[in-house]
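Asks: Residues in the sequence shown are numbered from 1 upward in steps of one, following full-length UniProt numbering.
One structure, pasted below without further comment.
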Amino acid sequence: MSVFARHGYRKTSMDEVARAAQISRQGLYLHFSAKEELFRAAVQHLLEGALRAATSVLNDASLALDARLVRALDEVFGRFAGKAHPDALDLAEASRELLGTMVEDHEGLFAEAIARTLRASRSMAAYKPVGLTARQLADTLIITASGLKHRVATREEFIKGITIAVRAMCLPLLEVP
Numbered sequence: 001m002s003v004f005a006r007h008g009y010r011k012t013s014m015d016e017v018a019r020a021a022q023i024s025r026q027g028l029y030l031h032f033s034a035k036e037e038l039f040r041a042a043v044q045h046l047l048e049g050a051l052r053a054a055t056s057v058l059n060d061a062s063l064a065l066d067a068r069l070v071r072a073l074d075e076v077f078g079r080f081a082g083k084a085h086p087d088a089l090d091l092a093e094a095s096r097e098l099l100g101t102m103v104e105d106h107e108g109l110f111a112e113a114i115a116r117t118l119r120a121s122r123s124m125a126a127y128k129p130v131g132l133t134a135r136q137l138a139d140t141l142i143i144t145a146s147g148l149k150h151r152v153a154t155r156e157e158f159i160k161g162i163t164i165a166v167r168a169m170c171l172p173l174l175e176v177p
């Protein structure tokens, strides 16, 4: 994925990917018949790894709720903060064209994992008077994190910003001394 992130979809060649993977181009073609197939596999691997890591963090009851949410959002979005290369602006378009619903499906699984964590906090009743559900809160956190990753220059800035967002949106759920 790093080659696609650096050069964009259109400018990335199988030669460049093979060099980055330290295999021959022919070896790469033994695994992937075309750049489209390679791109789909790379994105799927990235999404599945991020979802596994985020779910693991969300399930870690030894961490405070806000820490779990911040770390999970960082696993999925923070890793990309400040890494957008000007040559890679076509990745979003390529993703829409080549991946179908893969990204949205993983985002939905992530949103549901966050919603389960929020529901388990047993404080969601604080949102009932205004009609907010755990899933709506999860979706809002994801939208915030997705936008934030494009607005900051570093992962550290992302973590700082998403920490503020989590605390602001989830205050009724947090254990405040």
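Beta carbons: idealized from backbone N, C-alpha and C, even for Gly.
1) Near L51, which residues of its chain fall below 8 angstroms by C-beta distance, leaving aside the five closest residues on each side in sequence?
2) Can the beta-carbon of L144 be found less than 9 angstroms from the beta-carbon of A165?
3) Report the option in L98, I159, A81 whose CA atom is closest to the CA atom of Q44.
4) Is the distance from the Cβ of L141 to the Cβ of M124 below 9 angstroms?
5) For E175, report the span of its alpha helix (DSSP H) as first-last.
6) Can you give me the Cβ contacts of I159 inside the same chain, cut-off strictly under 7 angstroms, excluding the 5 residues immediately before and after it?
7) What number of angstroms, rounded off, separates the C-alpha of D60 from the C-alpha of G82?
8) What would DSSP say about A50, mapped onto helix, strand or coil?
9) Can you grab the Cα-Cα spacing for the pair P172 / A134, in whole Å?
10) Kindly indicate the opening and closing residues of the alpha helix (DSSP H) around I142.
11) State buried or exposed for V57, treating a residue as buried only when at least 16 other CB atoms are found within 10 Å of its CB.
12) Give the C-beta separation of D15 and R25 to the nearest angstrom, bearing in mind that I take them to be a contact with Cβ-Cβ under 8 angstroms.
13) Rounded to whole angstroms, how far is the Cβ of A20 from the Cβ of G27, which I believe are closer than 8 angstroms?
14) Please give the ranges of any alpha helix (DSSP H) in the UniProt DNA-binding region "H-T-H motif" (13-32), keeping only runs that are unbroken, at least 4 residues long and fully inside the region.
15) DSSP three-state call for K128: helix, strand or coil?
16) Pop quiz: K149 and F39 are said to be a contact at Cβ under 8 angstroms. What is the actual Cβ separation, rounded to whole angstroms?
17) To which residues of the same chain is G161 closer than 7 angstroms at the C-beta, ignoring the five residues directly before and after it?
Replies: Well, looking at it:
1) As a position in the sequence shown, residue 51 is number 51, starting the count at 1. So the qualifying residues of the chain are V76, H106, L109, F110, A113.
2) If you number the sequence shown from 1, residue 144 lands on position 144. If you number the sequence shown from 1, residue 165 lands on position 165. Sequence check: residue 144 is Thr here, not Leu. Cβ atoms of T144 and A165: closer than 9 angstroms.
3) Locating residue 44 in the sequence shown gives position 44, counting from the first residue. Considering only alpha carbons, the answer is L98.
4) Here the question's residue 141 lines up with position 141 in the sequence shown. Here the question's residue 124 lines up with position 124 in the sequence shown. Against a cut-off of 9 angstroms, the Cβ pair of M124 and L141 comes out as no contact.
5) Numbered from its first residue, the sequence shown carries residue 175 at position 175. No alpha helix (DSSP H) holds E175; DSSP gives it neither H nor E.
6) On the sequence shown, position 159 is the one that residue 159 refers to. Excluding positions up to five away in sequence, the list reads V70, D74, G78.
7) As a first step, residue 60 must be located in the sequence shown, where it is residue number 60. As a first step, residue 82 must be located in the sequence shown, where it is residue number 82. C-alpha separation (whole angstroms): 28 angstroms.
8) Counted from its first residue, the sequence shown places residue 50 at position 50. Correct three-state label for A50: helix.
9) Counting from 1 along the sequence shown, the entry for residue 172 is found at position 172. Counting from 1 along the sequence shown, the entry for residue 134 is found at position 134. Those two C-alpha atoms are separated by around 12 angstroms.
10) Residue mapping note: residue 142 aligns to position 142 of the sequence shown, counting from 1. Residues 134-151.
11) For the purposes of this step, residue 57 is taken as residue 57 along the sequence shown, with counting starting at 1. V57 comes out buried.
12) Taking the sequence shown and counting its residues from 1, one reaches residue 15 at position 15. Taking the sequence shown and counting its residues from 1, one reaches residue 25 at position 25. Correct: roughly 6 angstroms between the Cβ atoms.
13) As a first step, residue 20 is located in the sequence shown; it is residue number 20 there, counting from the start. As a first step, residue 27 is located in the sequence shown; it is residue number 27 there, counting from the start. That belief does not hold up - the Cβ atoms of A20 and G27 are roughly 13 angstroms apart, past 8 angstroms.
14) 14-21, 25-31
15) Numbered from 1 along the sequence shown, position 128 holds the residue referred to as residue 128. DSSP places K128 in helix when its eight states are reduced to three.
16) By one-based count along the sequence shown, residue 149 stands at place 149. By one-based count along the sequence shown, residue 39 stands at place 39. Not a contact, Cβ separation roughly 20 angstroms.
17) Stepping through the sequence shown from its first residue, residue 161 is reached at position 161. Once the five neighbours on either side are set aside, the close Cβ partners of G161 are L148, V152.
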